[in-house]
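Let me begin by presenting the structure, written as structure tokens, before commenting on it.
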Amino acid sequence: MVSAFLSRINRQLGLVEKLFVAAVLVYLVIAGAGLSAASKAVAMLAVTGLGAAVAIKHAARLVRRGIWRLRNRLVVSYLFIAVVPILLLLILAETGAYVLSSQVGAYLLNAEMERRMAFFRGAASSLANIPRKERAEAVRRTGFLWRDRFPGLEILVRDDKGEVSRFPEESRITFPPPGHGNVSGIVLKDGTFHVWAHEGEKSEAVIIAPITRTWLSGLVPRLGDITLRGFTQPGAAHAVRPMRLHPALPEELAAATPRPPVREPASPADLEIVWGSSVPVMIWDQPKVSEAAVLGMRSRISGPLSVIFSQKGEDGQPLLTGLYVITTIFFIVEAIAAFIGISLTRTITSAVHELYEGTERVKEGDFTHRISIRGDDQLAELSRSFNGMTENLERLLRSEKERQRLQAELEIAREVQSQLHPKLVPNLQSFRLTSICHPARMVSGDYYDYQSVGDSRVAVAIGDVAGKGISAALLMASLQSAMRSQLRHCMEASAAPNGSVNYGISTARLVSNLNQQLYASTSPEKYATFYFSVYDDSTGSLTYTNAGHLPPILVRDNHASRLDTNGLVVGAFEFAQYQESHLSLQPGDLLAFYTDGITEPENEYGEMFGEERLVELLIKSAHRPDKEIVDELVNTVIEWTSSPELQDDMTLLLARKL
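According to the numbering used here, the stretch in the sequence shown is residues 15 to 672, in order.
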């Protein structure tokens with residue numbers, strides 16, 4: 015029982031499954047034996063790899079089984095052709111919008127920050143170079159103009175004489191340590207971020223304002239939550255120093271209005287963006303030292319776009335609405351296309367399924383099954399073709415049954431005809447007969463016969479009925495019946511009054527009577543060539559009448575001659591006249607009677623075998639046994655045609671004088 019179970023498992027498992035089972039067993043052995051961790055790792059790696067291979071194999075098998083039906087194949091093809099590219103395009107569009115919005119938002123932030131730094135730089139340069147008399151007023155005017163935009167703004171100017179002007183008057187700002195030079199940007203003062211500009215050394219001007227969350231939010235309104243944070247650069251030798259935004263100023267707290275840090279999504283595709291760019295941060299107390307910070311934002315894809323496309327204080331919502339409308343129209347068109355595709359798919363798969371069912375019914379032998387035809391397309395035409403095919407098959411099946419019935423009848427006719435040919439060879443002392451007949455079809459129109467006439471005589475006949483097949487076979491049977499009837503009549507007419515028989519048979523009279531009988535009992539186009547002879551073994555004489563048949567060939571002393579033809583074919587003319595010829599056979603003579611199936615077959619070039627080749631072959635083989643001569647003649651003719659099928663009935667009759 016165990017061996018049977020193992021044998022069944024062995025048949026069901028493939029090579030990959032067997033390797034996986036072997037790997038699991040090896041791992042269990044290694045784990046149980048307490049071998050090294052490296053051995054366990056290698057075994058586990060083998061188990062994992064083979065397990066993945068088994069899973070992939072079975073998954074592929076499930077996929078092949080799942081897409082066996084044409085409908086599933088078309089659905090999968092539609093998914094790969096239409097849905098997958100659309101998904102990829104949507105992913106590409108979403109990714110592109112994400113990257114574009116991120117870059118646009120970073121650009122807007124950096125551009126606005128650079129613009130404000132440029133203002134500080136220009137204002138500091140102007141204040142550092144303004145005449146002493148106008149400096150105090152210029153500082154006061156600049157401070158009043160920009161204090162609303164830059165809350166906490168402080169200005170400090172000193173000329174080369176040491177005179178100092180400041181804004182506001184109560185400001186306690188001091189000049190930074192020497193060494194900064196002409197700079198502008200973000201500076202870290204007292205651990206908080208400031209935006210500033212420094213100009214000059216002897217005539218020195220400093221403009222500085224704290225960076226608060228409110229100030230950052232005002233850089234690019236409607237963009238989102240903007241942050242500024244310090245970070246440690248890769249490879250830095252020291253830890254990042256404390257950096258933070260300046261606390262909110264009193265005036266900012268008084269005017270602050272609550273705003274959401276990140277705008278609400280306009281659609282499911284309006285993803286959140288977290289992006290930033292690195293900005294340098296100068297150190298107030300250390301002129302030659304700088305740190306790095308990240309100016310970042312937290313927004314939506316629609317945030318930077320709304321800033322770019324906004325007009326007159328609007329947030330660009332009409333443009334985004336238009337984009338959403340276009341996207342909706344796109345999805346509606348795609349849904350219509352999917353519906354049309356699914357409908358066409360159902361039409362195709364339904365037709366193929368009906369064709370499959372029809373072929374299964376035909377395979378079971380039901381040729382009456384018909385497929386319902388819908389529409390007027392190629393599939394409908396294919397269904398019509400299938401129905402026409404089944405109708406033709408049904409008709410051919412009936413024809414085949416009829417053909418088999420006729421074949422059976424022909425087989426019976428062949429057996430009956432084979433019984434008509436003589437079975438016993440007359441036993442004469444010095445005369446031997448050998449015969450063969452190969453019909454081109456099931457039945458033959460060739461005729462040969464021999465019968466004993468008394469103790470020392472034999473009648474030999476051969477004929478060829480015009481045509482082939484059943485009609486020729488029927489006429490051949492009529493010819494044989496008529497010939498034997500005439501032969502019996504002649505034998506009875508030759509009997510003497512005292513009861514003795516002299517067998518004085520006239521071959522000419524017998525053939526003439528046979529001609530009149532066939533003419534009277536057959537249609538005008540039916541006739542036959544006929545040769546009839548009587549051989550007397552006591553005298554060696556041969557009396558014959560040839561009614562249009564191919565002349566028999568006499569081979570004597572390595573020379574061949576043809577016998578006479580002394581009459582027309584039988585059955586064609588009512589009052590045809592026939593003569594008799596006589597021949598004395600000598601010991602060693604070979605007489606060949608044959609039909610045109612021996613001499614008229616053609617090779618692939620249209621050349622007939624011919625009587626000359628037959629004569630040469632007879633002369634060459636005359637010394638051999640008669641059976642070998644017959645076999646060699648037939649095989650030579652078949653090889654000449656290079657075809658297993660006979661072109662005509664082949665009949666050969668050899669008579670040898672011993």
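Note that beta-carbon positions come from the ideal geometry of N, C-alpha and C, so glycine has one too.
For a test of the three-state rule: what should DSSP assign to residue i, helix, strand or coil?
i	result
Pro282	coil
Tyr41	helix
Glu305	strand
Ile385	coil
Met456	coil
Ile187	coil
Ile144	coil
Ser139	helix
Leu660	coil
Ser514	In this prediction, Ser514 has a pLDDT of 45, which is less than 50 and means its spatial position is unreliable; nothing more can be read from the coordinates.
Leu64	helix
Val16	Any answer about Val16 is weak, because its pLDDT of 48 lies below 50 and its placement is not dependable; what the coordinates show is given next. Reduced to three states, the DSSP call for Val16 is helix.
Val178	strand
Gln325	Annotation note: pLDDT 46 at Gln325 (below 50); position unreliable, no value reported.
Arg75	helix
Ile315	coil
Val97	helix
Met58	helix
Gly336	helix
Looking only at DSSP bridge pairs, what is residue i linked to?
i	result
Leu447	Ala669
His573	Arg570
Ser466	Val472
Ile200	Val209, Val295
Ser547	Val474, Tyr558
His596	Thr557
Asp239	Arg312
Pro224	His208
For residue i, count the other beta carbons within 10 Å of its own beta carbon; 16 or more makes it buried, fewer makes it exposed. Which is it?
i	result
Phe445	buried
Asn527	buried
Phe34	buried
Ile612	buried
Lys175	exposed
Glu213	buried
Leu42	exposed
Arg135	buried
Glu429	exposed
Ile354	exposed
Arg75	exposed
Ser198	buried
Gly513	Residue placement at Gly513 cannot be trusted, given a pLDDT of 48 that sits under 50; what the coordinates show is reported in the next sentence. Gly513 should be labelled exposed.
Asp662	buried
Tyr370	exposed
Arg388	exposed
Ile200	buried
Gln325	Caution applies to Gln325, whose pLDDT of 46 falls short of 50 and renders its modelled position unreliable; the value that the coordinates give is listed next. That one is exposed.
Asn572	exposed
Ala365	buried
For my contact list, residue i and residue j are in at a C-beta cut-off of 8 angstroms; report their separation, rounded to the angstrom.
i	j	result
Met622	Glu614	5 angstroms
Met257	Gly205	7 angstroms
Tyr549	Val439	About 13 angstroms separates the two Cβ atoms, so there is no contact after all.
Ala496	Gln531	5 angstroms
Leu237	Leu122	7 angstroms
Ser656	Ile643	Contact flag wrong, Cβ pair sits at about 22 angstroms.
Val583	Tyr541	5 angstroms
Arg154	Phe181	6 angstroms
Pro565	Leu577	5 angstroms
Leu447	Ala669	5 angstroms
Thr665	Thr579	18 angstroms between Cβ atoms; not a contact.
Thr536	Gly581	The Cβ separation is near 18 angstroms, so there is no contact.
Ser225	Glu168	The amino acid at residue 225 is misidentified as Ser; the sequence shows Ile. About 13 angstroms; that fails the 8 angstroms criterion.
Leu170	Val220	5 angstroms
Leu263	Glu126	Rounded, the Cβ-Cβ distance is 20 angstroms, inconsistent with contact.
Ala684	Ala37	One cannot answer for residue 684 here, as it falls past the ends of the chain, which runs 15 to 672.
Using a Cβ-Cβ cut-off of 8 angstroms, state whether residue i counts as contacting chain C.
i	result
Glu395	Absent here is chain C; the protein component of the structure consists of one chain.
* Below 8 angstroms, can you find three or more Cβ-Cβ pairs linking the stretch 615 to 633 to the stretch 449 to 467? -> Output reads no: the stretch 449 to 467 does not touch the stretch 615 to 633.
* Three-pair Cβ contact test at 8 angstroms for the stretch 556 to 571 versus the stretch 590 to 609 -> Yes: at least three Cβ pairs fall under 8 angstroms.
* Asked: With contact counted as at least three CB pairs below 8 angstroms, one residue from each stretch, are the stretch 92 to 102 and the stretch 347 to 364 in contact?
  -> yes
* Asked: Between the stretch 179 to 191 and the stretch 112 to 122, are three or more C-beta pairs nearer than 8 angstroms?
  -> Counting Cβ pairs under 8 angstroms, fewer than three are found: no touch.
* Asked: Does the stretch 163 to 178 come close enough to the stretch 136 to 149 to have 3 or more Cβ pairs within less than 8 angstroms?
  -> yes
* How about the stretch 227 to 245 and the stretch 335 to 349: do they share at least three Cβ pairs that are nearer than 8 angstroms? -> Contact between the stretch 227 to 245 and the stretch 335 to 349 is absent, with fewer than three C-beta pairs closer than 8 angstroms.
* Asked: Are at least three pairs of beta-carbons, each pair with one atom in the stretch 153 to 172 and one in the stretch 339 to 354, less than 8 angstroms apart?
  -> no
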